[in-house]
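**Q** Counting from 1, one number per residue, gives the positions in the sequence shown under full-length UniProt numbering.
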Amino acid sequence: MRPYIIINAAMSADGKLSTRERRQVRISGSDDFARVDRMRAESDAILVGIGTVHADDPSLTVKSPELRSARRREGRPENPIRIVLDSHAETPLSADILVKGEGERIIVVAEDADLRKIRALGEHAMIISCGKGRVDLPCLLQKLSESGIERLMIEGGGTVIWSFLSEGLFDELNTYIGSCVIGGAMAPTLADGEGFIDESQFPRLLLQEVQRIDDGLLIRWKRKMEE
Ligand SMILES: NC(=O)C1=CN([C@@H]2O[C@H](COP(=O)(O)OP(=O)(O)OC[C@H]3O[C@@H](n4cnc5c(N)ncnc54)[C@H](OP(=O)(O)O)[C@@H]3O)[C@@H](O)[C@H]2O)C=CC1
Ligand SMILES: Nc1nc(O)c(N)c(N[C@@H]2O[C@H](COP(=O)(O)O)[C@@H](O)[C@H]2O)n1
1 MRPYIIINAA
11 MSADGKLSTR
21 ERRQVRISGS
31 DDFARVDRMR
41 AESDAILVGI
51 GTVHADDPSL
61 TVKSPELRSA
71 RRREGRPENP
81 IRIVLDSHAE
91 TPLSADILVK
101 GEGERIIVVA
111 EDADLRKIRA
121 LGEHAMIISC
131 GKGRVDLPCL
141 LQKLSESGIE
151 RLMIEGGGTV
161 IWSFLSEGLF
171 DELNTYIGSC
181 VIGGAMAPTL
191 ADGEGFIDES
201 QFPRLLLQEV
211 QRIDDGLLIR
221 WKRKMEE
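#1: Determine, using beta carbons only, whether L173 and I46 come nearer to each other than 7 Å.
#2: Got a sec, what are the start and stop residues for the beta strand (DSSP E) R212 sits in?
#3: Using the Cα positions of F33 and R116, report the straight-line distance between them to the nearest angstrom.
#4: Which one of R82, S166, T19 has the shortest CA to CA distance from D198?
#5: With hydrogens ignored, establish whether the beta-carbon of V36 is closer than 6 Å to any heavy atom of ligand 2.
#6: Could you pull the start and end residues of the beta strand (DSSP E) that S129 belongs to?
#7: May I ask you to report which of helix, strand or coil DSSP gives E66?
#8: At which residues does the beta strand (DSSP E) containing A9 begin and terminate?
#9: Below 8 Å on the Cβ atoms is my guess for G178 versus L17; work out the distance and round it to an integer in Å.
#10: Whole angstroms are fine: how far does the CA of P138 sit from the CA of residue 229?
#11: From the DSSP output, in three-state form, read off L60 for me.
#12: Would T52 pass as a contact of I182 if the rule is Cβ separation under 7 Å?
#13: Write down the C-beta distance between L85 and V99 rounded to the nearest angstrom, noting that I regard them as a contact closer than 8 Å.
#14: Near I83, which residues of its chain fall below 6 Å by C-beta distance, leaving aside the five closest residues on each side in sequence?
#15: Figure out for me which residue from F202, L93, E104, L141 has the closest Cα to the Cα of R119.
#16: Taking 6 Å as the cut-off, is the beta-carbon of A10 closer than that to any non-hydrogen atom of ligand 4?
#17: Curious, which full-length alpha helix (DSSP H) runs of at least 4 residues does the region 98-137 contain?
#18: Taking all protein chains shown into account, decide if F170 is buried (16 or more other Cβ within 10 angstroms of its Cβ) or exposed.
#19: When we look at the beta-carbon of R23 and count the other beta-carbons within 10 Å, is it buried (16 or more) or exposed?
#20: Is H124 a contact residue of ligand 1, with contact defined as CB to any heavy atom under 6 Å?
#21: Closest to Y4 by CA distance: which of I154, E74, A55 is it?
#22: Taking 6 Å as the cut-off, is the CB of D214 close to at least one heavy atom of ligand 2?
#23: Identify every residue that forms a DSSP beta bridge with R45.
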């Protein structure tokens, strides 16, 4: 049992999520950011990796006051639950994700993470521990599902997206391709990690929609189930 999982990320025309210095860059235009905001508002939870927290210090809040009010009218908190994959409990206590906006936060650690760090983070977030050395995704998704999370949005970065894609733990993949070239063999891409060698292991996708937004393209894929 796991939530319905939608991966969303913006990449340059050459497939990069940011610069080789891992500095946050603006790839989406205002209409695409508004689309992402709607996706956030429709989600029960939003997840990123600790790499993204260190690089971008995101808050992952819903930005539109109308969308926040609509969530409140539905009896939901203004913001979806914000989740960080952080095996070693390294999330800074001053991170925007812990500080900005109302709503629940979850830090997901590995079972062998430092207890003192876990206790300190536990003052600001719920702690879930899953797996040894690195967060085990199937274990986490089972726990999220049991706690009522039905719709989970993955916002990056490339290492986390690779894990969800390579483990077949996704239902939709939304990529916005912006009108810039970032370049750099070491710059993060949509799916980093070790990559596949064997073609039979490639996750296969079904094209759903291609839409012009701002001066780029949104491509929506669904996971193709094995036959
Ligand atoms: N353009 C866009 O849409 C976006 C761009 N970005 C960019 O991406 C970059 C960050 O990406 P990246 O450095 O890859 O970091 P990620 O955000 O993907 O975080 C990766 C880290 O998450 C932790 N983690 C814990 N469990 C897992 C698991 N099961 N699978 C994968 N990771 C796990 C690992 O650290 P540990 O084991 O120590 O916990 C790992 O190193 C930044 O440059 C950022 O600006 C990010 C999001 C969106
Ligand atoms: N959709 C999209 N387009 C871009 O151009 C981006 N740079 C990102 N980045 C993601 O948004 C997070 C920042 O969120 P907040 O503004 O702090 O709420 C960032 O961490 C990336 O996950 N996304």
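Think of the CB as a built atom: it goes at the ideal place given N, C-alpha and C, for glycine as much as any other residue.
**A** Short version:
#1: Pairing L173 with I46 gives a Cβ-Cβ distance that is not under 7 Å.
#2: 205-213
#3: 37 Å
#4: Of R82, S166, T19, the smallest CA-CA separation from D198 is found for S166.
#5: yes
#6: 126-129
#7: helix
#8: Looking at the DSSP string, the run of the beta strand (DSSP E) that includes A9 is 4-11.
#9: So it is not a contact: roughly 11 Å between Cβ atoms.
#10: In the structure as shown, the chain begins at 1 and stops at 227. Residue 229 is therefore absent and cannot be evaluated.
#11: coil
#12: no
#13: No, L85 and V99 are not in contact; Cβ-Cβ is about 19 Å, not under 8 Å.
#14: So the list reads A45, L47, I106, once near-sequence residues are dropped.
#15: L93
#16: Summarising the ligand content, the structure contains ligand 1 and ligand 2 and does not contain ligand 4.
#17: Counting only runs of 4 or more, we get 115-122.
#18: buried
#19: exposed
#20: For H124, the Cβ stays outside the 6 Å cut-off from all heavy atoms of ligand 1.
#21: I154
#22: no
#23: Before going on, a small fix: residue 45 reads as Ala here, not Arg. BP columns for A45 point to I81, L152.
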